[in-house]
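Note that the sequence shown covers residues 1 to 174 in the UniProt record's numbering.
Think of the CB as a built atom: it goes at the ideal place given N, C-alpha and C, for glycine as much as any other residue.
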Amino acid sequence: MAKNSSNKTGKDKGKAAKGGEAVKTIALNKRSRHEYHLEERFEAGLALQGWELKAIRAGRANITDAYAMIREGEMFLYGSQITPLISASTHVVAEDRRTRKLLLHRREIDRLIGRVQREGYTVVLTALYWKGNKVKAEIALAKGKQTHDKREASKERDWAREKQRLLRRHNKDA
């Protein structure tokens, strides 16, 4: 389902979500916010194996290079790394960078296919989080930023920080 611009994964850590389940962040992809203009966000489930779930609980997920692609009408996650635990099962060959299937509704996949193929968007993973006892992925439709866009964004961030300092200093004197 499509999400609006409010982000429940970063700031509302541990608070109750819409359905009453707790939302707790596993991993954030801060680089995606720096490298891309994020336009529309989607929540997707992940098809995981047992050892991957145990490794995620132990905090061994890395999503900095993760992106999603459409293959044969389905969405798959590439580049995410879940490092297996040492005590992983002996009868399973644990591959840390394997391709994982994203679970989305058909209409969401069709919408993503259209935007990616016609309008030149890419789909990046922005966050992994727990929703109840399930691992969810937040993916976003994104367009790459130019170098001047990145500089402009950092200037705006710096100015906002400086403005807050000035306001705090001014309010102390009053």
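On a Cα-Cα basis, can you pick out the residue from the options that is closest to residue i?
{"i": "K134", "options": "K54, H34, A142 and S32", "result": "K54"}
{"i": "R97", "options": "M69, K131, L167 and A61", "result": "A61"}
{"i": "E40", "options": "Y121, K172 and R106", "result": "Y121"}
{"i": "H91", "options": "W51, T25, Q164 and E35", "result": "W51"}
{"i": "Y129", "options": "G79, G45 and Y67", "result": "G45"}
{"i": "I86", "options": "A160, A58 and L104", "result": "A58"}
Might you give, ordered along the chain, the residues of its own chain that have their beta carbon closer than 7 angstroms to the beta carbon of residue i, omitting 5 neighbours on each side?
{"i": "T64", "result": "N29 and R31"}
{"i": "I56", "result": "I26, I82 and V135"}
{"i": "Y67", "result": "Y78, G79, T122, V123, V124 and L125"}
{"i": "H34", "result": "K150"}
{"i": "K155", "result": "none"}
{"i": "T147", "result": "none"}
Excluding the 5 residues preceding and the 5 following residue i in the sequence, name in chain order all residues of the same chain whose CB lies nearer than 8 angstroms to its CB.
{"i": "I109", "result": "I70, G73, E74 and M75"}
{"i": "R111", "result": "none"}
{"i": "S6", "result": "A caution first: S6 carries a pLDDT of 43, below 50, which makes its placement in the model too unreliable to give a value."}
{"i": "W159", "result": "none"}
{"i": "Y36", "result": "T122, V124, A140, A142, K143, G144 and K145"}
{"i": "R157", "result": "none"}
For the beta strand (DSSP E) holding residue i, just list the boundary residues, first then last.
{"i": "L77", "result": "E74 to Y78"}
{"i": "K70", "result": "Reading off the sequence, residue 70 comes out as Ile, not Lys. First-last of the beta strand (DSSP E) with I70: Y67 to R71."}
{"i": "A27", "result": "V23 to L28"}
{"i": "A44", "result": "Y36 to L46"}
Could you check where the alpha helix (DSSP H) with residue i kicks off and where it finishes?
{"i": "A55", "result": "G50 to R57"}
{"i": "R60", "result": "Here R60 belongs to no alpha helix (DSSP H), and DSSP marks it neither H nor E."}
Please state if the CB of residue j and the CB of residue i are separated by a distance shorter than 8 angstroms.
{"i": "A47", "j": "R100", "result": "yes"}
{"i": "V124", "j": "V116", "result": "no"}
{"i": "A142", "j": "L77", "result": "no"}
Ordered list of alpha helix (DSSP H) runs contained in the segment 86 to 152, each at least 4 residues
Counting whole runs of 4 or more residues, the segment 86 to 152 contains the alpha helix (DSSP H) stretches 106 to 119.
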